[in-house]
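Peer 1:
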Amino acid sequence: MNNLILRTIAKRTFYLFVAFSLYLLFRGHNLPGGGFIAGLLTVAAIVLQYLAFDIKYVQKLLPIDYINVAVMGLVLATLTGIGGMFLGYPFLTQAFDYYTIPIFGTVELATALLFDIGVYLVVIGSVLTIISAIGDEKPWNS
Amino acid sequence: MSLSWAVFSPFILAIFVPLMKRYSKLHIGWLVSILPLALFIGFLSYIPKVMNGETVYHVIEWIPSLGINIAFYLDGLSLLFAMIITGIGFFVVIYSIGYLGAKENLVNFYIYILMFMGAMLGVVLSNNLIVLFVFWELTSISSFLLIGFWYHKPESKYGAQKALLITVSGGLAMLASFVLIWVVTGSFDIREIIASADLIKSSDYYLAILILFLLGAFTKSAQFPFHIWLPNAMEAPTPISAYLHSATMVKAGIYMMARSSLFLAGTPEWTYIVSLVGIFTMVYAGYMALTQTDLKAILAYSTISQLGLITTLLGFNTNLAIITAVFHLFNHASFKGSLFMVVGIVDHETGTRDIRKLGGLAKKMPITATVAGIGALAMAGIPPLNGFLSKELFFKATVSLDGIMAPWTTWFFPTMAVLGAIFTFAYSMRLFLKVFFGKPQFEKLDKKPHEAPIGLWLPAVILVSFSVIFGLFPGLIENSIVSPAASAVAGETLSVHISHWHGLNLPLLMTIIVIGVGTVLYINLAKFQQLQARLTPKISLNRIYDWSIDAIPKTGKIITDRQMTGFLRDYLVFILGYVSLSILATMFIKNTWTFTGLDLASIEIYEVLLAVLLVAGALGVLFFRTRLAAIISLGIVGFSVSLFFIFFRAPDLALTQLIVETISLALFLLAFAQLPDLKPEVKKWSEKTVNIVISVAVGVTIFLLILMANGNRYYEPISEWFIENGYALAGGTNLVNVILVDFRGFDTLGEITVLVAAALSVYALIRLRLEKRSESNE
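Chains as they are written, first to last, in this note's numbering: chain A, 29 to 170; chain B, 136 to 913.
The following block contains the structure:
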């Protein structure tokens, strides 16, 4: 199959995909989006590269151990839960407040966002671990 | 020193043990030993407070909505245990420095021992049953790791597994009793439970609570018939046997019985079950200790026997019995700990623990022999050592049962107590005299015996000196330690006075009988052992254990093989069939056939069209002959569903569904090369019928379920509350997200944990297969 069209599109849209997924991640608390969706979208961006190019080639360009990403996400999510305990709140108590920052104006900063970033990393790490493990495997009869 | 720091500091230190190994030239044990010493001193400083009857309470909220809080509570009983845990812990760590050379895996050893120390402190300081249970299981796990420390030996693995299986199943029974206690009293807080003790004792569940609770205590404290794990646990390094399997962990069960005496004890059920199990264990284990040939096995059975003694006393639950139990607990920790250290020294210096090969070591190892002598005499109950004092009190407790228990117990318990003490006397003498004064046979030993280095004998000397000091001057601890601990068990202030001379009375006569008959028994031990060998029954508890360990997985495999066919389609039939059957059955039984109050929206034409498309996609999957077409057809179903989500204004769901569809399609394409060709399935009509029936049933069930759920609203839906409070409480306007990360954050944490676990298992499964294949190719 001639992959030229697919490859060109995949290459050009990769950053767009990732940028949009980050957009979904950060606005998730107030508008449709969030860690799950954003994570899946990033996965989709990378899977598109897998389809357009070779898995080995993509892994060489993005030398990331996805299991580590998943574990890091889990640790981050757990730590945000533990953080509140030091201040005397029960496990997983989330806090938020509004801050005024130059350029951005009034911004809401919530610990829930940290938790959501944890979710985001877990989704990316886990799904890509599974996909690259399956995709990596050589066919049965070779 | 706050109590929570005391409990968590061992865990924190454990994290740094690998760093110590890397950056310190010193044996890690020296660094680790600082902590138990500091904690011990910290706990000492609580003595004046606790003597005045004060208690210390410290609470951290954990899951307040379920009444589960990390609450620590210190009274006399907890203090006694905390001091044994940290005090003996300190000596054991010092001793282990000489015992374990630099070649051993010291990092693991000290991490496990610290983990155990923290867990054990958690058990004795927790005021919340659930928190206590967590620490309780943690002691079982660290014990498992420590017994299996030399994991290349099959005996160690066997012993570790046995200990874990028995103590953890007991722990589960205990958890069940905690839940029942909660059902009755509505609280996990031990203070509150004690306040509603009458509620428990008069409840219908009392017997169930008691039996489940005692199962936990008896398995942990190695009471008959659950004692069989303790002799096998002796595969652990000797410092561990001295620490976990004699001084502390096996006493956790004793602790639980003492702790619960204010809300469980005092009933006839408690008195008879606990005291009879205890006295039987004491006599039986003493009898078994006589025949053992491994020094550590003798000490293991001896520990079981002594634990039986303490259990018996807690069963009586009289004030005298409680004081004696607490006092003996303390004494046992000192003399048994030193005896274990002695056995470790003998093992270390001669290369064997087989009593048949040992003899005449007194000349070669004078210090060790002295420690062994004092320890053995204390255990045998010879004046003026502390073992004598507590044994006299024990005899006194058994002869003062008149009016508390049935008439037959007034002769039964004293007789059994004397019998148990005779065995104790005989095996103590055997342990000491045979090893240190018996016929020397150094040619049978692998090493040439000589005195141990100071690092090994000094902790033993210090421990055994407590037996002498507190034997001569019991006044030193009777008001500072024994009385507060006993008062905490009894629930009222008990004044304690321990003396050597009570006049010519029955307990003294019993002691004289014990020494006389015990000496005769020791002299004729060979004949007695022959008799014992003849009496040993063919079926032993160990056989039953081994048989069930073998039979349980076999039975499990037979059952599993029946249902695990290896075909995904079969599993789908099982799962979906069960789901629709159970839901339909519930609908019939509860008679929920009401469709009133349905608030249905009008159906638009584009919804109908989309539904037609969806059904067509689903049917396509059935009838397409190539896999690619089937997959794309399945994709149509998924994308139509996400369109429905958009129609019904659920953008988050729609987005998720869209991306999930895309990714699973891509996954299919990636995995394509590995799938075999799609062959038309040849199936019998009967199978096809079953499949058709089940698929129709699932469709009908879910359809009915949704309609009925819509028609039967018993409560206000929670979504209203979320809508009202989402912004104010969580600062978010996207409710789906607010629920995911905040209101139900715990669920999400669970889900992502499962996701990571799934990814790891898929990865491991595929990698393992790949590695195996590449190995076979080479």
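Cβ coordinates follow ideal geometry from the N, Cα and C atoms, glycine included.
Checking contacts by CB at 8 angstroms: is Ile-887 (chain B) closer than that to chain A?
Peer 2: As a working note, residue 887 (chain B) is residue 752 in the second sequence. Output row for Ile-887 (chain B): interface = yes.
Peer 1: Can you pull the chain A residues whose beta carbon is under 8 angstroms from the beta carbon of Val-795 (chain B), in chain order?
Peer 2: The residue labelled residue 795 (chain B) in the question sits at position 660 within the second sequence. Those within 8 angstroms of Val-795 (chain B) in chain A are Leu-68.
Peer 1: Can you tell which of B:Ile-246, B:Gly-555, B:Thr-533 has the C-alpha that lies nearest to the C-alpha of Trp-546 (chain B)?
Peer 2: Mapped onto the second sequence, residue 546 (chain B) falls at position 411. When each option's Cα is compared against that of Trp-546 (chain B), the closest is B:Thr-533.
Peer 1: Nearest to Gln-504 (chain B) by alpha carbon, out of B:Met-476, B:Asp-705, B:Gly-486?
Peer 2: Residue 504 (chain B) sits at position 369 when you count from the first residue of the second sequence. The sequence as given places Ala at residue 504 (chain B); Gln does not occur at that position. When each option's Cα is compared against that of Ala-504 (chain B), the closest is B:Met-476.
Peer 1: Does Tyr-706 (chain B) pass the burial test, meaning 16 or more other C-beta atoms within 10 Å, or should it be called exposed?
Peer 2: Counted from its first residue, the second sequence places residue 706 (chain B) at position 571. Exposed, because fewer than 16 other Cβ atoms sit within 10 Å of the Cβ of Tyr-706 (chain B).
Peer 1: For the beta strand (DSSP E) containing Trp-197 (chain B), list its first residue and its last residue.
Peer 2: Numbered from 1 along the second sequence, position 62 holds the residue referred to as residue 197 (chain B). Note, Trp-197 (chain B): beta strand (DSSP E), 191 to 198.
Peer 1: Anything in chain A within Cβ reach of Asp-877 (chain B), meaning under 7 angstroms, just list it in chain order.
Peer 2: Start at 1 with the first residue of the second sequence, and residue 877 (chain B) comes out as number 742. Here the neighbours are Gln-122, Ala-140.
Peer 1: Where does Leu-209 (chain B) fall in DSSP's three states?
Peer 2: On the second sequence, position 74 is the one that residue 209 (chain B) refers to. If DSSP states are grouped into helix, strand and coil, Leu-209 (chain B) belongs with the strands.
Peer 1: Could you spell out where the alpha helix (DSSP H) holding Gly-590 (chain B) opens and where it closes?
Peer 2: Within the second sequence, the letter at position 455 stands for residue 590 (chain B). Taken as a continuous stretch (DSSP letters only), the alpha helix (DSSP H) holding Gly-590 (chain B) covers 589 to 607.
Peer 1: For Phe-143 (chain A), go through chain B and note every residue whose CB falls closer than 7 angstroms to its CB, in chain order.
Peer 2: Position 115 of the first sequence, counted from the first residue, corresponds to residue 143 (chain A). Val-876, Gly-880, listed in chain order.
Peer 1: Quick check: is the beta carbon of Ile-901 (chain B) nearer than 8 angstroms to any beta carbon in chain A?
Peer 2: Here residue 901 (chain B) corresponds to residue number 766 of the second sequence, with the count starting at 1. Yes, Ile-901 (chain B) counts as interfacial toward chain A.
Peer 1: Can you tell me which residues form a DSSP beta bridge with Ser-168 (chain B)?
Peer 2: For the purposes of this step, residue 168 (chain B) is taken as residue 33 along the second sequence, with counting starting at 1. None, per the DSSP bridge assignment.
Peer 1: Which bits of chain B does Pro-60 (chain A) rub up against, with CB to CB less than 7 angstroms?
Peer 2: Stepping through the first sequence from its first residue, residue 60 (chain A) is reached at position 32. Within 7 angstroms Cβ-Cβ: Pro-786, Asp-787, Leu-790, Asn-869.
Peer 1: Determine whether the beta carbon atoms of Glu-796 (chain B) and Gly-770 (chain B) lie at a separation below 8 angstroms.
Peer 2: Locating residue 796 (chain B) in the second sequence gives position 661, counting from the first residue. Locating residue 770 (chain B) in the second sequence gives position 635, counting from the first residue. Yes, they are a contact pair.
Peer 1: Note down, one range per segment and in chain order, each alpha helix (DSSP H) of at least 4 residues found wholly within the region 211 to 244 of chain B.
Peer 2: Runs found: 211 to 234.
Peer 1: Is Asn-677 (chain B) near Ile-901 (chain B), with beta carbons less than 8 angstroms apart?
Peer 2: Numbered from its first residue, the second sequence carries residue 677 (chain B) at position 542. Numbered from its first residue, the second sequence carries residue 901 (chain B) at position 766. Cβ distance not < 8 angstroms, so Asn-677 (chain B) and Ile-901 (chain B) don't count as in contact.
Peer 1: For Trp-140 (chain B), is the classification buried or exposed, using 16 other Cβ atoms within 10 angstroms of its Cβ as the cut-off for buried?
Peer 2: Working through the second sequence from its first residue, we reach residue 140 (chain B) at position 5. Exposed, because fewer than 16 other Cβ atoms sit within 10 Å of the Cβ of Trp-140 (chain B).
Peer 1: Taking Val-75 (chain A) as the query, report the chain B residues whose CB atoms sit under 7 angstroms from its CB, ordered along the chain.
Peer 2: Against the first sequence, residue 75 (chain A) aligns to sequence position 47. The answer, in chain order, is Ile-798, Ala-801.
Peer 1: With DSSP as the reference, label Pro-786 (chain B) as helix, strand or coil.
Peer 2: Locating residue 786 (chain B) in the second sequence gives position 651, counting from the first residue. Reduced to three states, the DSSP call for Pro-786 (chain B) is helix.
Peer 1: Who are the Cβ neighbours of Ala-424 (chain B) in its own chain at under 6 angstroms, not counting the five residues just before and after it?
Peer 2: Numbered from its first residue, the second sequence carries residue 424 (chain B) at position 289. Only Ile-433, Tyr-436, Ser-437, Tyr-562 meet the Cβ criterion.
Peer 1: DSSP state of Asp-705 (chain B), grouped into three classes?
Peer 2: Your numbering for residue 705 (chain B) matches position 570 in the second sequence. Of the three classes helix, strand and coil, the one that applies to Asp-705 (chain B) here is helix, per DSSP.
Peer 1: Decide yes or no for the touch test of the region 231 to 250 of chain B against the region 158 to 166 of chain B: beta carbon pairs closer than 8 angstroms, at least 3 of them.
Peer 2: Yes, the region 231 to 250 of chain B touches the region 158 to 166 of chain B.
Peer 1: May I have the straight-line CA-CA distance separating Gln-664 (chain B) from Val-318 (chain B), to the nearest angstrom?
Peer 2: Here residue 664 (chain B) corresponds to residue number 529 of the second sequence, with the count starting at 1. Here residue 318 (chain B) corresponds to residue number 183 of the second sequence, with the count starting at 1. Approximately 51 angstroms, taken between the alpha carbons.
Peer 1: Just the Cα atoms here: how many angstroms apart are Leu-744 (chain B) and Gly-846 (chain B)?
Peer 2: On the second sequence, position 609 is the one that residue 744 (chain B) refers to. On the second sequence, position 711 is the one that residue 846 (chain B) refers to. So the alpha carbons of these two residues sit roughly 26 angstroms apart.
Peer 1: Please classify Ser-410 (chain B) as buried or exposed, where buried requires at least 16 neighbouring CB atoms within 10 angstroms.
Peer 2: Your numbering for residue 410 (chain B) matches position 275 in the second sequence. Classification of Ser-410 (chain B): buried, given that the 10 Å Cβ count is 16 or more.
Peer 1: In whole angstroms, give me the CA-to-CA distance for Gly-188 (chain B) and Asp-210 (chain B).
Peer 2: Position 53 of the second sequence, counted from the start, is the residue given in the question as residue 188 (chain B). Position 75 of the second sequence, counted from the start, is the residue given in the question as residue 210 (chain B). Approximately 8 angstroms between the Cα atoms of the pair.
Peer 1: Short check: CB of Phe-251 (chain B) to CB of Leu-214 (chain B), under 8 angstroms?
Peer 2: Residue numbering aside, residue 251 (chain B) sits at position 116 when the second sequence is read from its first letter. Residue numbering aside, residue 214 (chain B) sits at position 79 when the second sequence is read from its first letter. Cβ atoms of Phe-251 (chain B) and Leu-214 (chain B): not closer than 8 angstroms.
Peer 1: DSSP three-state label for Arg-138 (chain A), please.
Peer 2: As a first step, residue 138 (chain A) must be located in the first sequence, where it is residue number 110. Note on identity: in this sequence residue 138 (chain A) is Ala, with Arg being the wrong assignment. Strand.
Peer 1: Mark Glu-613 (chain B) as exposed unless 16 or more other C-beta atoms lie within 10 angstroms of its C-beta, in which case mark it buried.
Peer 2: One-based indexing of the second sequence puts residue 613 (chain B) at position 478. It is buried - the Cβ of Glu-613 (chain B) has at least 16 other Cβ atoms within 10 Å.
Peer 1: Counting only C-beta atoms, is Met-29 (chain A) closer than 8 angstroms to chain B at any point?
Peer 2: Here residue 29 (chain A) refers to the residue found at position 1 when the first sequence is read from its first residue. Low confidence applies to Met-29 (chain A): its pLDDT is 47, below 50, so where it sits in the model is not reliable, and the reading given next is rough at best. No, Met-29 (chain A) does not count as interfacial toward chain B.
Peer 1: Which word fits Arg-394 (chain B), buried or exposed, when buried means at least 16 other C-beta atoms lie within 10 angstroms of its C-beta?
Peer 2: Mapped onto the second sequence, residue 394 (chain B) falls at position 259. Flag for Arg-394 (chain B) reads buried.
Peer 1: Take the Cβ of Tyr-192 (chain B) as the centre, count every other Cβ of all protein chains shown within 10 Å, and call the residue buried at 16 or more, exposed below.
Peer 2: Position 57 of the second sequence holds residue 192 (chain B). Exposed: under 16 other Cβ atoms inside 10 Å.
Peer 1: Buried or exposed for Met-29 (chain A), going by 16 or more other Cβ atoms inside 10 Å?
Peer 2: Taking the first sequence and counting its residues from 1, the one referred to as residue 29 (chain A) is at position 1. Low confidence applies here, because Met-29 (chain A) scores a pLDDT of 47, under 50, leaving its location unreliable; read the following figure in that light. Looking at its Cβ environment, which holds fewer than 16 other Cβ atoms inside 10 Å, Met-29 (chain A) is exposed.
Peer 1: Is DSSP giving Thr-729 (chain B) helix, strand or coil here?
Peer 2: Working through the second sequence from its first residue, we reach residue 729 (chain B) at position 594. Looking at Thr-729 (chain B) - three-state DSSP - the assignment turns out to be coil, as it is neither helix nor strand.
Peer 1: Quick one: which chain B residues come within Cβ less than 9 angstroms of Ile-92 (chain A)?
Peer 2: If you number the first sequence from 1, residue 92 (chain A) lands on position 64. Those do not exist, as Ile-92 (chain A) stays about 14 angstroms from chain B at its closest Cβ, beyond 9 angstroms.
Peer 1: Just to confirm the assignment, what range does the alpha helix (DSSP H) spanning Gly-653 (chain B) have?
Peer 2: Taking the second sequence and counting its residues from 1, one reaches residue 653 (chain B) at position 518. Note, Gly-653 (chain B): alpha helix (DSSP H), 641 to 658.
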